[in-house]
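Counting with this note's numbering, you get residues 863 to 1071 for the letters of the sequence shown.
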Amino acid sequence: MPMSIDFYYFQSVRFATADYCTWWTFTLFSFAVIGEFLMAKTLHLLLFASNINCDGSQWDFTLPVCGFANCYFLYDATLTLFDYVFNNTVPLAVIFIANVVLIIRVVQQKRHRQQRFVWKKHRRMTIQLVCISSLYLIAWSPVIIDTLILNISPSPSLIQFHMNYVSEFPNLACYGLPWVYAGLLSEFKKWMWKRISPARIAVHTVQPV
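Right, dumping it as structure tokens:
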């Protein structure tokens, strides 16, 4: 979709290379095949799995997010595994690998380039990106690890702990992201420091005339 929007906006292919066209067709066909596979799987479930109880009675109203009792979580291990791997594990792994590659690249550029201003600018941008992405790592890592443990050796106490506590960790990304953004703005930090620092009382000495 972004490639098509870019094409219609500029009325031509901006990146006129063979690699770009190959990547465009590859992604287009790949997503089409994935969509057809999911459609076929959904139709199979609707037509042949009539015993699936998705009338709303599977929800647990005593647990957060109603117990995450989506139908495919309860009745389809394939879709559950797909959701766990591609929607949770893969993005987290990409964030971690990208952070490591970014830090290594910045360090290498610092060794080759000695411009102080350029290094200061790159360091500030790197710190900002690492802080933002690390927030997602902190928020989602407990969920990924605990879910893996549950799949290996499930137990009622661990499931209860996961539903009551671990499932709330992703909310840290939503709650903490504004504060991370604010903390990375030097002007905002100066303004906050002026607001919370004790006011300085000017002492004037009165002398007799």
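Backbone N, C-alpha and C define an ideal beta-carbon position, used for all residues, glycine too.
Computed from a predicted structure; not experimentally measured.
With 16 other Cβ atoms within 10 Å as the buried cut-off, status of residue i
{"i": "residue 921", "result": "exposed"}
{"i": "residue 1029", "result": "buried"}
{"i": "residue 894", "result": "exposed"}
{"i": "residue 917", "result": "exposed"}
{"i": "residue 938", "result": "buried"}
{"i": "residue 1001", "result": "buried"}
DSSP three-state assignment for residue i, whether helix, strand or coil
{"i": "residue 1032", "result": "coil"}
{"i": "residue 1041", "result": "helix"}
{"i": "residue 1066", "result": "With a pLDDT of only 49 at residue 1066, under the threshold of 50, the placement of this residue in the model should not be trusted, and no figure is reported."}
{"i": "residue 971", "result": "helix"}
{"i": "residue 1027", "result": "coil"}
{"i": "residue 874", "result": "coil"}
{"i": "residue 868", "result": "helix"}
{"i": "residue 929", "result": "helix"}
From the options, residue whose alpha carbon lies closest to that of residue i
{"i": "residue 985", "options": "997, 971, 995 and 998", "result": "971"}
{"i": "residue 947", "options": "1058, 902 and 1003", "result": "1003"}
{"i": "residue 1039", "options": "1010, 992 and 1013", "result": "992"}
Proximity below 7 Å, CB of residue i to CB of residue j
{"i": "residue 943", "j": "residue 934", "result": "no"}
{"i": "residue 925", "j": "residue 1025", "result": "yes"}
{"i": "residue 989", "j": "residue 950", "result": "no"}
{"i": "residue 998", "j": "residue 965", "result": "no"}
{"i": "residue 1042", "j": "residue 1011", "result": "no"}
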